[in-house]
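As structure tokens, the structure follows; a few thoughts come after it.
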Amino acid sequence: MESVIEVIDLKKRFKGFTLDIPELKIPKGFATALIGENGAGKTTLLNCIAGVRLNYKGHIRYFEKWQDEERDREENGVREQIGYVGSGLYFLPQWDIGQIEKLSGLLFQNFHPERYRELCRELAIVSGETSGKKVSELSDGNRMKLMLAAVFARDTSLLALDEPASPLDPVMRERLCEMIREYLDQGNGERSVLFSTHNISDMENVTDYAVIVEQGRVAEQGFVEDLKEKYVLVKGETSAVEAARPALYSISESRYGFEGLCLSENLDRLAGLSVSLERPSLFQISVAVMKRNSQIKRGNKA
Amino acid sequence: MKLMKSYGIFCSRSARFLFFLTAVWLLVQQDLLLAFWHRNFMLPTCGILAVIEISADHWIFGGTCAKGAQGMDYLMSSARGKRVLGYALKGDCLMRLLMDIVVLGGGAVLAAAHGAADPAGILLDTAGMIAATYGVVTLTLVISRHWTMLGYSLSAASAGCMTLMGLLLLQGYFPWIGLLSAVLCVPITLLAVKRVLDRMEAGFHDGMEF
Chain A
6 MESVIEVIDL KKRFKGFTLD IPELKIPKGF ATALIGENGA GKTTLLNCIA GVRLNYKGHI
66 RYFEKWQDEE RDREENGVRE QIGYVGSGLY FLPQWDIGQI EKLSGLLFQN FHPERYRELC
126 RELAIVSGET SGKKVSELSD GNRMKLMLAA VFARDTSLLA LDEPASPLDP VMRERLCEMI
186 REYLDQGNGE RSVLFSTHNI SDMENVTDYA VIVEQGRVAE QGFVEDLKEK YVLVKGETSA
246 VEAARPALYS ISESRYGFEG LCLSENLDRL AGLSVSLERP SLFQISVAVM KRNSQIKRGN
306 KA
Chain B
2 MKLMKSYGIF CSRSARFLFF LTAVWLLVQQ DLLLAFWHRN FMLPTCGILA VIEISADHWI
62 FGGTCAKGAQ GMDYLMSSAR GKRVLGYALK GDCLMRLLMD IVVLGGGAVL AAAHGAADPA
122 GILLDTAGMI AATYGVVTLT LVISRHWTML GYSLSAASAG CMTLMGLLLL QGYFPWIGLL
182 SAVLCVPITL LAVKRVLDRM EAGFHDGMEF
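Chains A and B supply the protein sequences, listed in that same order. Numbering follows the working numbering, with no gaps: position 77 of the first sequence is 82. Numbering follows the working numbering, with no gaps: position 108 of the second sequence is 109.
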């Protein structure tokens, strides 16, 4: 598997939290979702990859060619190839849409102003004359659309998007999935997307590869289809719960029965029990993995 | 060219309108006072100029030194971000200095040309005023750029204006203050540029060092 990003022994420390990734490869030509609870380390990992946070230990290799120390050399063009969308601290609030167009032209050689203007119109960031509207006057959703317009207006090889779906409405989330899919299709295997998300269900149809991060560590990763083979969704009545519990990876109980995830390799341990088996969704796998590794205390026995 | 191009992008149309149009208005006002030219007539012009320059900066570089250096991530994601910001900051210093020279110096040159007594003294006096105005405004911006709220910027503008008034009044008694202001303008300019760039650099280094 060719990788667009290779993370080797990455460590970044905050007070009470350490991101610790011994090894991680983001596959080239696919859309990879970074999934995890709040504070799991998704944004930190994305920021390190995008090169907007630097004081980490370890190495990041870009496009199977450049090391992180070579990333900042303009002649290598590594930053030109990465379209990064970050948090609310992305644009100065006093900038307007027209200023961002001109500034982007100065910051990135591969920026296309006409494509940016077209995206601003297409995504309905503001109606009518748009260039004078300030970032501070935009809603969270429109601010995210503006960030997306700025990165999609560039010729890049990797998009690193931090929570792009969170502030968007359902229609725009669907449009975002289409934009990501079009971006990958037009790249003929040379373009990749890495995004973090809490909206797993909405983004599932565009996710090829998933990395589930918990407490600063990678808890699970793999192609979505492989993960759906690795786990099986088990449903049963309350009478079967105690017998099934030891075989289950995670479990949710209600007064009507239980639902849990079981590793395919452990399925034989459920033999003879009155349970139904289904193929899990990425959302169900992610929640199960997160619950197993979460620090949040729950009423349910897991 | 690079300085002005970068500065032109950071300075929005509304900021340009506020910045330049009011400056022209000030120039006209000053010219009207020329017939009665006396150094004290220049004091309100210097004060208003300082308030305009400090307030206008809120819409250009306001908040760039604020905690967490808000709004820097886009610049930080580009290999050219720091350089472009540096050019814009230097362009801003140049632009403000030019405006001070045009608004304050223009009137003084006209006064000297129209046979005012001691033209050399007027020009020297005005040079000191320009240096003091530029220096006090630039130093105030080093502080006001730490705030994101307009109210704080306006307070900084008032404080800067009052400081400038005091300095100019003192300059009337101690002319060497003008020369000192001119000398201090260089390190103050360097400080103003460096402070914002340092905040941007600090943005790359959140969390704890290893």
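For glycine and all other residues, C-beta sits at the position ideal for the given N, C-alpha and C.
Kindly indicate the opening and closing residues of the alpha helix (DSSP H) around residue i.
i, result
"B:P120", "P120 to S145"
"A:Q104", "I102 to L112"
"B:K6", "K3 to F11"
"B:S159", "L151 to Y174"
"A:R18", "Looking at the DSSP string, A:R18 is not in any alpha helix (DSSP H); the run it does join, the beta strand (DSSP E), is S8 to F19."
"A:A158", "Neither: A:A158 is in no alpha helix (DSSP H) and is coded neither H nor E."
"A:G88", "A:G88 -> not in any alpha helix (DSSP H); beta strand (DSSP E) instead, spanning I87 to V90."
"B:P188", "W177 to G204"
"A:N298", "L287 to N298"
"A:K138", "A:K138 -> no alpha helix (DSSP H), and no H or E assigned at all."
"A:A45", "Counting along the chain, A:A45 falls outside any alpha helix (DSSP H), and DSSP gives it neither H nor E."
"A:R126", "P118 to E127"
"B:V103", "Here B:V103 belongs to no alpha helix (DSSP H), and DSSP marks it neither H nor E."
"A:A276", "It is not in any alpha helix (DSSP H) - A:A276 carries neither H nor E in the DSSP assignment."
"B:R17", "R14 to R17"
Determine the burial state of residue i: buried for a count of at least 16 other Cβ atoms within 10 Å of its Cβ, exposed for fewer.
i, result
"A:L287", "buried"
"A:K70", "exposed"
"B:W60", "buried"
"B:A36", "In this prediction, B:A36 scores a pLDDT of 49, lower than 50, which makes its location untrustworthy; no coordinate-derived value is stated."
"A:W100", "buried"
"A:N52", "buried"
"A:N305", "Any answer about A:N305 is weak, because its pLDDT of 48 lies below 50 and its placement is not dependable; what the coordinates show is given next. By the neighbour-count rule (16 or more Cβ atoms within 10 Å), A:N305 is not buried but exposed."
"A:S206", "exposed"
"A:N316", "Residue 316 of chain A lies beyond the range of chain A shown here (6 to 307); nothing can be said about it."
"A:R3", "As shown, chain A starts at 6 and ends at 307. That puts residue 3 of chain A outside it, with no answer to give."
"A:E264", "buried"
"A:N210", "exposed"
"A:E219", "buried"
"B:L99", "exposed"
"A:A129", "exposed"
"A:V9", "buried"
"A:V12", "buried"
"A:Y95", "buried"
"A:L253", "buried"
In chain order, what residues of the same chain have a beta carbon less than 7 Å from the beta carbon of residue i, not counting five sequence neighbours either side?
i, result
"B:A109", "I123, L124 and T127"
"A:M149", "P169, P172 and L173"
"B:A57", "A16, L19 and F20"
"B:A113", "P120, I123 and L124"
So the beta strand (DSSP E) residue i belongs to, where does it begin and stop?
i, result
"A:P27", "F22 to P32"
"A:K70", "Per DSSP, A:K70 belongs to no beta strand (DSSP E) and is neither H nor E."
"A:I40", "A36 to G41"
"A:S281", "V280 to E283"
Only counting the same chain, and skipping five residues up and downstream in sequence, which positions put a Cβ closer than 8 Å to that of residue i?
i, result
"B:Q30", "T46"
"B:A51", "T134, V137, V138, T141, A158, G161, C162 and L165"
Using a Cβ-Cβ cut-off of 6 Å (strictly less than) and excluding sequence neighbours within five positions of residue i, which residues of its own chain qualify?
i, result
"A:G21", "none"
"B:G94", "Inspection of the sequence shows that residue 94 of chain B is occupied by Cys rather than by Gly. Same-chain partners within the cutoff: T190."
"B:S182", "A132, A133 and G136"
"A:S136", "I102 and G103"
"A:K47", "L39, G41, S201 and V218"
- Task: Please determine if the stretch 232 to 248 of chain A and the stretch 271 to 285 of chain A are in contact, where contact requires at least 3 C-beta pairs separated by less than 8 Å.
- Result: yes
- Query: Between the stretch 71 to 90 of chain A and the stretch 21 to 34 of chain A, do three or more beta carbon pairs fall short of 8 Å?
  - Reply: no
- Query: Can you list the alpha helix (DSSP H) stretches of 4 or more residues lying completely in the stretch 166 to 200 of chain A, in chain order?
  - Reply: 175 to 191
- Message: Pairs of beta-carbons, one from the stretch 171 to 185 of chain B and one from the stretch 78 to 97 of chain B, closer than 8 Å: are there three or more?
- Response: no
- Item | contact_flag[the stretch 13 to 20 of chain A, the stretch 264 to 274 of chain A] where n(CB pairs < 8 Å) is 3 or more | no
- Task: Ignoring anything shorter than 3 residues or poking outside the stretch 204 to 271 of chain A, list the beta strand (DSSP E) runs there in chain order.
- Result: 214 to 219, 222 to 228, 236 to 241, 255 to 259 and 262 to 268
- Are the stretch 8 to 25 of chain B and the stretch 103 to 123 of chain A touching, with three or more C-beta to C-beta distances below 8 Å? yes
- Pairing CB atoms from the stretch 119 to 129 of chain A with CB atoms from the stretch 151 to 165 of chain A, are three or more of them under 8 Å? yes
- Per the contact definition of three or more C-beta pairs closer than 8 Å, is the stretch 38 to 50 of chain A in contact with the stretch 189 to 198 of chain B? no
- Message: Please give the ranges of any alpha helix (DSSP H) in the stretch 51 to 99 of chain B, keeping only runs that are unbroken, at least 4 residues long and fully inside the region.
- Response: 74 to 77
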